[in-house]
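Peer 1:
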Amino acid sequence: MKTCGEVLVEILEAYGIDTVFGIPGVHTVELYRGLPATGLRHITPRHEQGAGFMADGYARACGRPAACFIISGPGMTNITTAMGQARADSVPMLVISSVNSSHELGLGEGRLHELPDQSALVAGVSVFSHRLLRAAELPAVIARAFAVFDGARPGPVHIELPLDVITAPADGLSRAAHRLGGRPAPDPTAIARAADLLRGARRPFVVLGGGCARAAPDALALVDRLGALTALTINAKGVLPPGHPLSVGSTLPEAPVLEALRSADVVLAIGTELGETDTLLFYGQLELSGKVIRIDLDPEQLVRNALPEVAICADAGLAMRALCAELSDFAPDIAATEARVRGLRAELAALLAPNYRAHGRFLDLVAEVLPGVIVAGDSTQPVYGGNLAYEPVGPCSWFNSATGYGTLGYGLPAAMGAKVACPDRPVAALIGDGGIQFTIGELATAVELELALPILLWNNRGYGEIKRYMLDRDIPTIGVDIYTPDFQTIARGFGCNAVKIESAAHLREELRKAHAAKRPTVIEIDDAAAQRWWGSAS
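If you want the working numbering, it's the position in the sequence shown, counting the first as 1, plus 1490.
1. Can you give the beta carbon distance from V1738 to L1834, rounded, assuming they're within the 8 Å contact cut?
2. Reducing DSSP to helix, strand and coil, say where H1517 ends up.
3. Using DSSP's beta-bridge definition, name the partner residues of F1820.
4. By the DSSP assignment, the beta strand (DSSP E) with G1495 in it spans what residues?
5. Identify which residue in L1530, A1942, T1570, L1525 has its Cα closest to the Cα of D1546.
6. Does G1690 come out as helix, strand or coil in the three-state DSSP assignment?
7. How should G1542 be labelled, buried or exposed, when 16 other C-beta atoms within 10 angstroms of its C-beta is the threshold for buried?
8. Counting only beta-carbon separations shorter than 8 Å, does A1815 have a partner in chain C?
9. Is the distance from the Cβ of G1512 to the Cβ of H1532 below 8 Å?
10. Hey, out of W2024, T1967, E1932, whose CA is closest to C1986's CA?
11. Taking W1888 as the reference, which of Y1895, L1663, A1981, A1904 has the closest Cα?
12. If contact is defined by three or more beta carbon pairs under 8 Å, each pair taking one atom from either stretch, is the stretch 1586-1600 in contact with the stretch 1559-1575?
13. So who's on the other strand from S2088, going by DSSP bridges?
14. By Cβ distance, which residues of its chain are closer than 8 Å to I1681, with the 5 residues on each side in sequence left out?
15. Would you say T1769 and P1743 are within 8 Å of each other, going by their C-beta atoms?
16. Since K1957 is in the alpha helix (DSSP H), which residue starts that stretch and which ends it?
17. Could you pull out every residue in the same chain whose Cβ sits closer than 7 Å to the Cβ of I1724, ignoring the five residues on either side in sequence?
18. In the DSSP output, which residue or residues are listed as bridge partners for T1967?
19. Do C1494 and V1655 come within 8 Å of each other at the CB atom, strictly closer than that value?
20. Applying the 10 Å Cβ sphere with the 16-neighbour rule, what's the burial state of Q1775?
21. My parser needs the beta strand (DSSP E) runs of 3 or more residues fully inside the stretch 1971-2003; what are they?
22. In whole angstroms, what separates the C-alpha of E1503 from that of Y1548?
23. Report the three-state DSSP secondary structure of N1469 (helix, strand or coil).
24. Could you name the residues of the same chain whose beta carbon sits closer than 8 Å to that of R1794, not counting the 5 residues immediately before and after it, in chain order?
25. Please report the straight-line C-alpha distance between E2050 and L1842, rounded to a whole angstrom.
26. Rank G1529, R1550, A1551, P1514 by C-alpha distance to the C-alpha of C2049 and give the top, closest one.
27. Applying the 10 Å Cβ sphere with the 16-neighbour rule, what's the burial state of D1579?
28. Quick check on M1583: does DSSP put it in helix, strand or coil?
29. Mind checking whether E1650 and S1609 have CB atoms under 8 Å apart?
30. Cutting at 6 Å between CB atoms, please list the residues of its own chain near Y1953, excluding the five before and the five after it.
31. Count the CB pairs spanning the stretch 1611-1627 and the stretch 1666-1680 that are closer than 8 Å, and state whether there are at least three.
32. Which residues does DSSP list as the beta-bridge partners of E1650?
33. Using the Cβ count rule (16 or more neighbours within 10 Å means buried), how would you classify R1963?
34. Take A1572 as the anchor and find which of V1516, H1593, V1612 has the nearest alpha-carbon.
35. Once DSSP output is grouped into helix, strand and coil, what is the label at S1779?
36. What first and last residue would you give for the alpha helix (DSSP H) that runs through R1531?
Take a look at the structure:
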């Protein structure tokens, strides 16, 4: 007789899950009993936060969710930060945890890993958190999780199994996958209204968000059809090709682009929150003078930050396709808009801070040496610079924790997850000396997995971006000049290759070596030296 834990992994395999990130504990070992009979790959991170970040990077790189097996209590509190990041950026992730036996819950008897209400604690960082009270519920709850992943705004889903449910008999349960046949299509009437507004617009502005990342061809076709000024959020980078004549890139927070957005007579926002970190940073509430058309999978999101004249609750790709077809006879003055974009790009280039300009050149070099590279970044200075200055060649190739939830320690494990998902693509982690100390133990996991992973460690000996923020506001720089360890010795102690970069040419050489290696390589870059190497056009 198979237990609920054994049947669970069979159901996951039926839904296409192929990777589990988890750290076994006494409360989850029964989830592992059935793993050898499946094709699921298990990866053991060194911290549950690392497990969540790996699952996040995995999903962003390939579009499919991974599972995390997490013990009750401290395992769940450890992974909540990673779940918060995934929820903020609409990243699918299936977190399966144990919890004390159902008859022990809420009694406060001091049992191992006991929390007053674990599911309630996790609910705030998940799309939903469900406690399984009977083994018979399992197929329906897994189907509900995949309904979210397939047809709604995705995010982390948490399912917890009491110890007595994990071991309950479950032989009779269905292992079949119950997937949605398609994603929500747009209302034709709303599409027609949106098309009428766009036809009559004199200064239209398109904002493409992360919801467009899996529908880049549809986004490109619509932007070309509209001939409208277009900006991309950070999570939409690569949806339009670099240098597209109608695109100002991911520069929404910059004053000239923000003014163009505010003064547009029609704004078409697709798959975006229009949130603080994509538009105004810390400078107040977004105010738009024109009419707004919003397309989003989440009906609640359609009315946040900017109320729409037309709201279209639908899959971004299907809606863009329908809108493009509705505008088949539209012939805008594209030349005038292209000239306006050239002017804005020139203005933006003049405004870009010298250090951000250097970061852009540094990232262009990485992309040149590693064509098609996926860069997973942390909250670190070159990531902030890259968010403005770097244009990847395709979608889902640049993601980081510097926007949205804004955590530290993300870059290394997220890059590892991306490399697991896409082993044939070059992947690089970009992380600062402060951020890497949050999850530095995952170097051991990367060595264990033999990942050919360049880890670009940007060393400014402290929390440089926060220090700059404090200095700009005349705040004493307390707590930001932290002790910097010897990362070369630490990296080699974990079994990594390690090198300090001495020039731009040296970086090229080491990137090639790292991509061909059978272990991760910590490539340490001194911030002050890097500004000299990439601080000029040479």
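Cβ atoms here follow ideal geometry from the backbone N, Cα and C, with glycine treated the same way.
A quick note: this is a predicted structure, and the numbers were derived from the prediction, not measured.
Peer 2: Result, derived from the coordinates:
1. 5 Å between Cβ atoms; contact.
2. DSSP, read as helix, strand or coil, puts H1517 in coil.
3. DSSP, once it has assigned bridges, lists no residue as partnering F1820.
4. It is not in any beta strand (DSSP E) - G1495 instead sits in the alpha helix (DSSP H) that spans 1494-1504.
5. Here the closest residue by C-alpha is T1570.
6. In this structure, G1690 counts as coil in the three-state DSSP scheme.
7. Counting the other Cβ atoms within 10 Å of the Cβ of G1542 gives 16 or more, which makes it buried.
8. Considering every chain present, this structure includes no chain C. It has just one protein chain.
9. With respect to the 8 Å criterion, G1512 and H1532 are classified as neighbours on the basis of their beta carbons.
10. Ranking W2024, T1967, E1932 by Cα distance to C1986 puts E1932 first.
11. When each option's Cα is compared against that of W1888, the closest is A1904.
12. Contact holds: three or more Cβ-Cβ distances are below 8 Å.
13. Residue 2088 is absent from the model: the chain starts at 1491 and stops at 2028.
14. The residues are I1802, A1809, A1812, L1813, E1816.
15. The Cβ-Cβ distance between T1769 and P1743 falls below 8 Å.
16. Boundaries of the alpha helix (DSSP H) harbouring K1957: 1954-1962, taken from the DSSP string.
17. S1740, D1768, N1877, T1893, listed in sequence order.
18. The bridge partners DSSP lists for T1967 come to none.
19. Yes.
20. Counting of Cβ neighbours within 10 angstroms places Q1775 among the exposed residues, the total staying below 16.
21. The stretch 1971-2003 contains these whole beta strand (DSSP E) runs: 1987-1990.
22. Approximately 16 Å between the Cα atoms of the pair.
23. Here the chain covers residues 1491 to 2028 and nothing more, so residue 1469 does not appear.
24. For R1794, the CB contacts under 8 Å within the same chain, skipping 5 residues up- and downstream, are E1763, L1764 in chain order.
25. In the structure displayed, the chain extends from 1491 to 2028; residue 2050 sits before or after that span and is not available.
26. One cannot answer for residue 2049 here, as it falls past the ends of the chain, which runs 1491 to 2028.
27. Flag for D1579 reads buried.
28. Per DSSP, reduced to three states, the secondary structure at M1583 is strand.
29. At the C-beta level, E1650 and S1609 come within 8 Å of one another.
30. Counting only Cβ-Cβ distances below 6 Å, and skipping sequence neighbours, we find G1924, V1970.
31. These segments do not touch.
32. S1587, R1621.
33. For R1963, the number of other beta carbons within 10 angstroms of its own is below 16, and it is reported as exposed.
34. If you compare the alpha carbons of V1516, H1593, V1612 with that of A1572, the shortest gap goes to V1612.
35. The answer is coil: DSSP assigns S1779 none of H, G, I, E or B.
36. Where R1531 is concerned, there is no enclosing alpha helix (DSSP H), although the beta strand (DSSP E) around it starts and stops at 1531-1533.
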